[in-house]
Every structure is written in structure tokens, then in C-alpha cells.
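All remarks here apply to the structure that follows.
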Amino acid sequence: MRLSLRFFWLALLALTLLGVALSQRQPDWLMAAVVLLTLLKGHWLIDRFMGLATGPLWLRATVSGWLLLVLSALALL
Amino acid sequence: MSAAEGLTDLPDTESAALPGDLAMWCFILAELLVFALLLIALAYARSRWSMEFSAGVATLHPLAGVSNTLLLLTASYLVARGLECGTRRALVRGFALGLLCGLGYLLIKFGEYAVLIGEGYNLRTNTFYFFYFFTTFFHAMHAMLGMVILAVVAVRTRAGYYPDAARQKMAGDSAGSYWHMVDLVWLALFPLLYLLP
């Protein structure tokens with residue numbers, strides 16, 4: 015089933031608010047949660063809004079790789 | 064049939080075609096490379112000067128960061144929906160509403176700068192504020208460029224500037240892709256500056 019753009023938009027807003035709520039409570043696993051939430055949000059943005067889910071594989075891999083690189087730096091440094 | 068009438072229904076292309084112009088994608092990838100260096104430097108500085116960063120993050124207003132994230136995501140949605148609908152009217156409407164969200168983002172961002180500068184913080188205060196002002200202003204400049212690109216494509220589309228549906232789609236996809244890149248960078252920047260202590 016192909017989910018609508020509106021579904022992803024609302025999910026992106028919900029994940030953003032979830033990240034903010036978690037940051038207010040500051041659990042030990044906040045970093046992992048924030049990185050995973052950002053990875054998921056970025057993945058949806060790349061695939062659905064940018065349209066790279068149906069675009070060339072090399073471009074999708076490059077942009078997704080960029081996101082992974084930046085978030086890895088955030089998590090590991 | 065006039066050229067304008069021929070543009071109302073755009074072809075639905077689900078192939079592995081590039082969404083937009085190759086030159087625009089080269090530009091986007093170059094921008095992403097620059098932002099990657101900046102974000103990695105920011106992540107390094109955050110670990111190196113953790114006390115300064117913790118104190119700095121506490122001085123930012125989380126509501127401003129959240130509002131800006133929601134506005135940019137909404138702008139991206141409106142732009143993507145305008146492109147997905149495939150009609151000239153939907154594209155112009157989607158881009159115009161996306162521009163309004165972009166304007167809201169800029170107003171909040173510059174309001175935030177005014178408050179912080181009024182409180183005595185600036186680029187030279189410490190490492191956190193250097194990175195905060197530099198990266199967010201650099202990002203805001205890109206958001207402004209994205210808004211100019213969206214505006215130009217929307218105005219040209221409305222005026223029937225593009226000779227055929229394929230060129231209109233190419234221009235719309237290129238503008239949309241640039242805007243989504245601005246949003247993607249913010250998604251990575253937002254937790255670094257607002258969420259993580």
C-alpha cells in the first residue's frame with residue numbers, strides 16, 4: 015500500500031514532538047532515541063518528499079549516506 | 064490546444080528518473096558536502112566543549128527550534144504535494160504556501176537572533192555561540208535561496224513560461240529538491256542545537 019504524503023507529513027510532525035518530549039525528560043538513552051528519530055525522519059523526507067524512493071539508486075544511496083554519516087558523527091564523537 | 068492548456072495534466076513518471084535537473088543535483092550534493100563538514104565540526108565541538116554546549120543549549124528557546132522544524136516540514140510537505148498533484152494550479156499553490164512557511168521560519172530565526180544578541184550573546188561569546196550563529200545563519204541563507212528558487216518557478220509556472228509539461232516538471236522538481244535539501248539539513252541541525260544537552 016502506498017501511503018499518502020499527508021500521512022508522512024503528520025508522522026514527521028509527531029516524531030518531532032516525540033523527540034522534544036524525550037529531550038525534556040532527558041533519559042539515559044536520549045542520544046540513541048534522537049539519532050534514530052532523526053534517521054527515520056530524514057529517510058522519509060528523502061524517499062517521499064524528495065521522491066528518491068523511485069529515483070536513481072546512486073542518488074538515493076548518496077543522500078541517505080550523507081544523513082548516516084552526519085548522524086554517526088553526532089553519535090560517535 | 065494552447066500550450067497553457069497542455070500543461071494542466073502532467074505525466075505520472077514512476078521510473079527511476081532523476082527528480083529534477085542534473086545540474087541542480089550537482090549543486091545540492093556540493094551543498095550537502097559543505098554542510099556535512101560543518102555538522103561534523105559541530106558534533107566534534109559539542110564533545111570537546113561539552114560544558115559550554117550544555118550551558119549554551121539551555122539559553123536557547125526550545126519552542127523556537129520546534130516551531131521552525133514544524134514549519135520547514137510543513138513547507139516541504141506543501142511543496143511535495145504541489146508537485147505530486149501535477150497541475151499548474153497545485154504547483155503554484157503548494158509553492159506559495161511553502162514560501163509562507165519559509166517566511167515564518169525566517170521570522171522566528173531572526174527573532175531568536177534579536178533576543179540572543181539583546182542578551183549579549185554573539186559569535187565571539189564562546190564556541191557554542193560561534194557554531195550556533197554561524198551554522199544557523201548559513202542554513203538560513205540557504206533557506207532564503209530556496210525561497211527565491213521556489214518563487215521564481217511558481218511565478219514562471221503561473222505565467223505559462225515553460226513551453227511544455229516536461230520542462231515545467233523539471234523546473235518544479237529541481238526547485239522542490241533544493242527546498243527539501245534545506246529541510247534535511249535542518250533535521251540534522253535541530254537535535255544538535257536544541258534537543259541534546
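Those sequence lines, one after another, are chains A and B.
In the numbering used here, each number is its position in the first sequence, counted from 1, plus 14.
In the numbering used here, each number is its position in the second sequence, counted from 1, plus 63.
A virtual CB, placed ideally from N, CA and C, is assigned to each residue, including glycine.
On the criterion of 16 or more Cβ atoms from any shown chain inside 10 Å, does residue i qualify as buried, or is it exposed?
{"i": "C89 (chain B)", "result": "exposed"}
{"i": "E182 (chain B)", "result": "exposed"}
{"i": "S113 (chain B)", "result": "exposed"}
{"i": "Q38 (chain A)", "result": "exposed"}
{"i": "I60 (chain A)", "result": "buried"}
{"i": "R144 (chain B)", "result": "buried"}
{"i": "A67 (chain B)", "result": "The predicted position of A67 (chain B) is uncertain, since its pLDDT is 44 and thus under 50; a value taken from the coordinates is nonetheless stated next. When all chains shown are included, A67 (chain B) counts as exposed."}
{"i": "I180 (chain B)", "result": "exposed"}
{"i": "A87 (chain A)", "result": "buried"}
{"i": "R20 (chain A)", "result": "exposed"}
{"i": "L255 (chain B)", "result": "buried"}
{"i": "P74 (chain B)", "result": "The predicted position of P74 (chain B) is uncertain, since its pLDDT is 43 and thus under 50; a value taken from the coordinates is nonetheless stated next. So P74 (chain B) ends up on the exposed side."}
{"i": "Y224 (chain B)", "result": "exposed"}
{"i": "S18 (chain A)", "result": "exposed"}
{"i": "P41 (chain A)", "result": "exposed"}
{"i": "V120 (chain B)", "result": "buried"}
{"i": "M204 (chain B)", "result": "exposed"}
{"i": "L227 (chain B)", "result": "At residue 227 (chain B) the sequence reads Asp, which differs from the Leu that was named. Exposed."}
{"i": "D72 (chain B)", "result": "Note that D72 (chain B) scores 46 on pLDDT, short of 50, meaning its location in the model is unreliable and no value can be drawn from it."}
{"i": "P82 (chain B)", "result": "buried"}
Find the residues of chain B that neighbour residue i, judging by a C-beta separation of less than 7 Å, and give them in chain order.
{"i": "W80 (chain A)", "result": "L95, A99"}
{"i": "L83 (chain A)", "result": "A99"}
{"i": "L26 (chain A)", "result": "L136"}
Give the interface partners of residue i over in chain A, defined as CB-CB distance under 8 Å, in chain order.
{"i": "E147 (chain B)", "result": "L19"}
{"i": "D246 (chain B)", "result": "L59, F63"}
{"i": "L255 (chain B)", "result": "L88"}
{"i": "S110 (chain B)", "result": "L91"}
{"i": "A79 (chain B)", "result": "T68, G69, P70, L71"}
Could you say which of the options lies nearest to residue i if we only look at CA atoms?
{"i": "I103 (chain B)", "options": "B:L258, B:A251, B:A79", "result": "B:A251"}
{"i": "A99 (chain B)", "options": "B:L259, B:M244, B:Y257", "result": "B:M244"}
{"i": "V216 (chain B)", "options": "B:R152, B:T132, B:M204, B:A203", "result": "B:R152"}
{"i": "S240 (chain B)", "options": "A:V77, A:V34, A:L31, A:F22", "result": "A:V77"}
{"i": "G79 (chain A)", "options": "B:A228, B:L95, B:Q231, B:L162", "result": "B:L95"}
{"i": "F200 (chain B)", "options": "B:A214, B:F173, B:M210", "result": "B:F173"}
{"i": "K232 (chain B)", "options": "B:L133, B:T150, B:S117", "result": "B:T150"}
{"i": "T52 (chain A)", "options": "A:R20, A:A87, A:G33, A:W23", "result": "A:G33"}
{"i": "Y257 (chain B)", "options": "B:I212, B:N131, B:A79", "result": "B:N131"}
{"i": "A106 (chain B)", "options": "A:A75, A:L50, A:A89", "result": "A:A89"}
{"i": "A35 (chain A)", "options": "B:V129, B:N185, B:A80", "result": "B:V129"}
{"i": "W23 (chain A)", "options": "A:A46, A:P70, A:L54", "result": "A:L54"}
{"i": "Y168 (chain B)", "options": "B:L186, B:A127, B:Y184, B:L154", "result": "B:A127"}
{"i": "L71 (chain A)", "options": "B:L146, B:L92, B:S117, B:A80", "result": "B:A80"}
{"i": "I212 (chain B)", "options": "B:P260, B:S237, B:A222", "result": "B:S237"}
{"i": "V218 (chain B)", "options": "B:A229, B:A234, B:V178", "result": "B:A234"}
{"i": "I91 (chain B)", "options": "B:L141, B:V248, B:A222, B:F191", "result": "B:V248"}
{"i": "A28 (chain A)", "options": "B:L133, B:A138, B:N189", "result": "B:L133"}
{"i": "A283 (chain B)", "options": "B:I171, B:G209, B:T188, B:L154", "result": "The structure shown does not extend to residue 283 (chain B), since chain B is modelled only from 64 to 260, so the question has no answer here."}
Which residues in chain A have a C-beta closer than 7 Å to the C-beta of residue i? List them in chain order.
{"i": "L250 (chain B)", "result": "T52, K55, G56, L59"}
{"i": "S240 (chain B)", "result": "M64"}
{"i": "L92 (chain B)", "result": "T76"}
{"i": "L170 (chain B)", "result": "Correct list: empty, because the minimum Cβ distance to chain A is about 19 Å."}
Give the interface partners of residue i over in chain B, defined as CB-CB distance under 8 Å, in chain order.
{"i": "A87 (chain A)", "result": "L102, I103, A106, Y107"}
{"i": "W43 (chain A)", "result": "Near W43 (chain A) there are no residues of chain B at all, since even the closest Cβ is about 12 Å away, more than 8 Å."}
{"i": "L66 (chain A)", "result": "P82"}
Consider the Cβ of residue i: report whether some Cβ of chain E lies at a distance smaller than 8 Å.
{"i": "P226 (chain B)", "result": "Here the protein chains are A and B, and chain E is not one of them."}
Residues of chain B with CB closer than 9 Å to the CB of residue i, please, in chain order.
{"i": "L32 (chain A)", "result": "Residues of chain B passing the Cβ test: none, with the nearest at roughly 11 Å."}
Could you name the residues of chain A that residue i contacts, counting a contact when the two beta carbons are closer than 9 Å?
{"i": "H243 (chain B)", "result": "L59, I60, F63, M64, G65"}
**Report entry** Members of the stretch 174-195 of chain B that neighbour chain A once the beta carbon cut-off is set at 8 Å
**Finding:** none
Query raised in the report: When you check each C-beta in the stretch 138-168 of chain B against every C-beta of chain A, which residues fall closer than 7 Å?
Result: S139, Y140, A143, R144, E147
Query raised in the report: Between the stretch 113-140 of chain B and chain A, which residues of the former have CB atoms less than 8 Å from a CB of the latter, in chain order?
Result: P125, V129, T132, L133, L136, T137, S139, Y140
Requested in this report: Scan the stretch 207-220 of chain B for residues whose Cβ lies nearer than 8 Å to a Cβ of chain A and list them as they occur along the chain.
Outcome: none
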